[in-house]
Amino acid sequence: MDIDRLIVTFDRGLRTLFAPAQTLRPVPGEALSNGQLSERARQEAAALMRVNHAGEICAQALYQGQAVTARDVRAKAALEQAAREETEHLAWTERRIEELGGRKSLLNPFWYAGSFAMGAAAGLLGDRWNLGFLAETERQVVEHLEGHLQRLPPDDVKSRAVLEQMKTDEARHATSALEEGAAVLPEPARVAMRLASRVMTRTAFWL
Ligand SMILES: [Fe+2]
Ligand SMILES: [Fe+2]
């Protein structure tokens, strides 16, 4: 990697972690009014949205990592479109955490670094596996979001709207990776990914 590329990559990482993310689409549920949330429900919702925000930090890092090592231009274009939407997810979850009076995960730099390394490693395996890794990640994120939609306080309609739209987007990311020729990952890889994301989601709920 040349020095310019290194600087751009480093700059993107810093922005992801420390600058507010931008969104082109309106924030889902923006027009809805805040339901009456008890203090407990508010805290629970803020913790769940912190986990989802940390997940989007990971998505940014995975895509950045993959973009650094991926070779095929076609796969790159698919990755870039998805990455733009991930930036919107980052913006939406960030906004929702603020509205709920919560805070972001203190370990975001750590999640970013770990995911970046995983993305870069996947990118080195070539496009079929790279896209396979992406498709599997998105599939697992959809499952995860379904779980959170169950766990969210029923009155938190705004967080719900955000997660619903994210779920739609992530499912589309998985489909487009499959259309681009994603390989199906072997079972041990899928299990390892699930375990890694469990560590993140459980920790980010508290930290
Ligand atoms: Fe996302
Ligand atoms: Fe996605």
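Residue numbering for the sequence shown follows our numbering, starting at 252 and increasing by one per position.
Backbone N, C-alpha and C define an ideal beta-carbon position, used for all residues, glycine too.
Less than 8 Å between C-beta atoms, sequence neighbours within five positions excluded: which residues of the same chain meet that for residue i?
| i | result |
| --- | --- |
| Lys355 | Arg301, His304, Ala305, Glu345 and Ile348 |
| Arg256 | Val319 |
| Leu414 | Asn303, Leu396, His399, Leu400 and Leu403 |
| Leu330 | Tyr314, Gln317, Ala318, Ala321 and Leu385 |
| Arg411 | Gly280, Leu400 and Leu403 |
Would you mind working out which of the options sits nearest residue i, comparing C-alpha positions?
| i | options | result |
| --- | --- | --- |
| Arg423 | Gln311, Asp407, Gln332 and Met451 | Gln332 |
| Lys327 | Met444, Ala428 and Arg445 | Ala428 |
| Pro277 | Arg293, Ile254 and Glu336 | Glu336 |
| Glu263 | Ala334, Glu295 and Pro279 | As written in the sequence, residue 263 is Arg, which differs from the Glu given in the question. Comparing Cα positions, the closest option is Ala334. |
| Asp323 | Gly377, Ser284 and Leu414 | Gly377 |
| Glu387 | Met444, Leu414 and Gln416 | Met444 |
| His340 | Arg390, Glu281, Phe261 and Gln416 | Gln416 |
| Val392 | Ile258, Phe269 and Met451 | Met451 |
| Glu290 | Ala440, Leu458, Asp407 and Thr426 | Asp407 |
| Arg449 | Ala425, Leu265 and Cys309 | Cys309 |
| Trp457 | Gly353, Ala447 and Pro437 | Gly353 |
Quick one: residues in its chain with C-beta nearer than 6 Å to the C-beta of residue i, no 5 flanking neighbours on either side, listed in chain order?
| i | result |
| --- | --- |
| Trp380 | Ala434 |
| Gly398 | none |
| Thr338 | Ala272 |
| Glu421 | Glu389, Val392 and Val393 |
Report, in whole angstroms, the separation of the C-beta atoms of residue i and residue j, which I expect to be a contact under 8 Å.
| i | j | result |
| --- | --- | --- |
| Ala312 | Gly374 | About 12 Å separates the two Cβ atoms, so there is no contact after all. |
| Lys418 | Gly280 | Contact flag wrong, Cβ pair sits at about 13 Å. |
Would you say residue i faces chain B, with C-beta separation under 7 Å as the test?
| i | result |
| --- | --- |
| Tyr314 | You won't find chain B in this structure, because it holds only one protein chain. |
Counting only the same chain and skipping the five closest in sequence on each side, list residues whose C-beta sits under 7 Å from that of residue i.
| i | result |
| --- | --- |
| Thr454 | Leu358 |
| Leu351 | Arg293, Ala296, Ala297 and Met300 |
| Pro360 | Leu268 |
| Pro439 | none |
| Leu283 | Val408, Lys409 and Ala412 |
| Gly286 | Asp406, Asp407 and Val408 |
| Glu307 | Glu337, His340, Leu341 and Thr344 |
Going along the chain, which residues put their C-beta within less than 6 Å of some heavy atom in ligand 1? These are the residues, in chain order, with a beta carbon less than 6 Å from any non-hydrogen atom of ligand 1: Glu307, Ala310, Glu337, His340, Met417 and Glu421.
Indicate whether the contact test is met: 3 or more Cβ pairs, each with one atom in the region 331-350 and one in the region 398-406, closer than 8 Å. A contact is defined here as three or more CB-CB pairs under 8 Å, and the region 331-350 fails this definition with respect to the region 398-406.
Any chance the region 372-392 sits against the region 433-447, with 3 or more Cβ pairs inside 8 Å? yes
Could you say if the region 267-276 and the region 364-373 meet the contact criterion of at least three C-beta pairs nearer than 8 Å? no
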